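Before any comments, here is the structure.
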Amino acid sequence: MMAATDGVNTHRGAIWALGLLVSAVAMHGGVGSAQQVAMTAAELAKLPDAAAPKVFSKGLRATHRYQVPGAREEAQQAFPHVMQRALPQLRLSRLNGSSETHARLDALMAIMTSLTDTCVLSRAGLEGLDAMQDGARAVLSAGGSAHPAGQAALAALDSHMLALNASPGGAADLLAATLFLDRIESPYFKH
Numbered sequence: 354m355m356a357a358t359d360g361v362n363t364h365r366g367a368i369w370a371l372g373l374l375v376s377a378v379a380m381h382g383g384v385g386s387a388q389q390v391a392m393t394a395a396e397l398a399k400l401p402d403a404a405a406p407k408v409f410s411k412g413l414r415a416t417h418r419y420q421v422p423g424a425r426e427e428a429q430q431a432f433p434h435v436m437q438r439a440l441p442q443l444r445l446s447r448l449n450g451s452s453e454t455h456a457r458l459d460a461l462m463a464i465m466t467s468l469t470d471t472c473v474l475s476r477a478g479l480e481g482l483d484a485m486q487d488g489a490r491a492v493l494s495a496g497g498s499a500h501p502a503g504q505a506a507l508a509a510l511d512s513h514m515l516a517l518n519a520s521p522g523g524a525a526d527l528l529a530a531t532l533f534l535d536r537i538e539s540p541y542f543k544h
C-alpha cells in the first residue's frame, strides 16, 4: 500500500483494524456478536508479527512522543472506543430518529470525544487533540449532528480542525470498524 500511495499512510489503520475484525468473524464461522468478534480480534492483535513492517509511522512516533495509546493498543483492548462509545451512540441516534448519515456522524463524534488520535497529534499536537475532543463533545452536547445547534458545533469543529491542518484519521478508522461490527449484528448479515 505504501508503494502504491507513494508513501502516504492512506487508510492503513482502517485496513489493519478491519483485517483483524474480518479474520475474527471468519474464526467464528461468520456468526457471533460484535463483542465476541472484538474480543477475538484483540487476541489476534496481541500475537507477535515478525513480518510486520519495521517502519516507524507518524502514528507510532506520536504514541512515543506523547506517551499515549495508539491503534495497536485500541485493538489489543478489544476496540473500547468502538464498543463503549461509537456503537452505542450509533444505535441511540438511530433510535432517536436521526438519518443514517447523522447517526454515523454522531458515532464519529463519540469516538472523537476521548480518542488520543495519533493523526491529529502528529499534525497539531496536544492543542489539536484538545480541540478535536472538545469540539466533538460540543456536537453531542448540542443534541448531535441532526440538530441545528449540533450542526453549528460540527461546522465550528470542522473549521477549527481545518485551520490546524488536523484530520481525525484514527477516529475515521474506528468509525469503519464500528460500521463493520454494526453490520455483522444486522439480521441481513446472517445467512
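Each residue of the sequence shown is one higher than the last, beginning at 354 in the numbering used here.
C-beta: ideal position from N, C-alpha, C; glycine also.
A quick note: this is a predicted structure, and the numbers were derived from the prediction, not measured.
Out of Ala489, Ala530, Met380, Gln437, which one is the CA nearest neighbour of Ala424?
Nearest of Ala489, Ala530, Met380, Gln437 to Ala424, Cα basis: Ala530.
Whole angstroms is fine: what's the gap from Met492's alpha carbon to Ala367's?
For the sequence presented, residue 492 should be read as Val rather than Met. Their Cα atoms are separated by approximately 24 Å.
Suppose the cutoff is 8 Å on Cβ atoms and the five residues either side in sequence are ignored; what does the same chain contact list for Ser539 look like?
Answer for Ser539: no residue qualifies.
In whole angstroms, what is the alpha-carbon distance linking His544 and Gln388?
Interpretation of His544 is limited by its pLDDT of 46, a score under 50 that renders its predicted location unreliable; no figure is taken from the coordinates.
Can the beta-carbon of Gly385 be found less than 8 Å from the beta-carbon of Thr471?
The answer is no: Cβ separation not under 8 Å.
When you compare the CB positions of Ala495 and Met462, do they come within less than 8 Å of one another, or not?
No, the pair does not count as a contact, with Cβ atoms beyond the cut-off.
Measure the alpha-carbon distance for Arg536 versus Ala405 and round it to whole angstroms.
Between Arg536 and Ala405, the C-alpha separation is close to 29 Å.
Check each candidate in His364, Leu400, Leu458, Ala428 and name the one with the smallest Cα separation from Leu374.
The residue with the shortest Cα to Cα distance from Leu374 is Ala428.
Can you tell me whether Val421 is helix, strand or coil according to DSSP?
Val421: coil per DSSP, three-state reduction.
Quick one: residues in its chain with C-beta nearer than 6 Å to the C-beta of Gly481, no 5 flanking neighbours on either side, listed in chain order?
For Gly481, where only same-chain residues beyond five positions count, the Cβ hits under 6 Å are Val473, Leu517, Ala519.
Please state the DSSP three-state secondary structure of His544.
Unreliable placement is indicated for His544, whose pLDDT of 46 sits below 50; no coordinate value is reported for it.
Give the range of the alpha helix (DSSP H) segment to which Gln389 is assigned.
Gln389 -> alpha helix (DSSP H) spans 387-398.
Nearest to Val435 by alpha carbon, out of Ser467, Gln420, Leu400, Arg414?
If we check each option's Cα against that of Val435, Ser467 comes out closest.
What separation, rounded to the nearest whole angstrom, lies between the Cα atoms of Ala525 and Gly503?
For Ala525 and Gly503, the distance between alpha carbons rounds to 19 Å.
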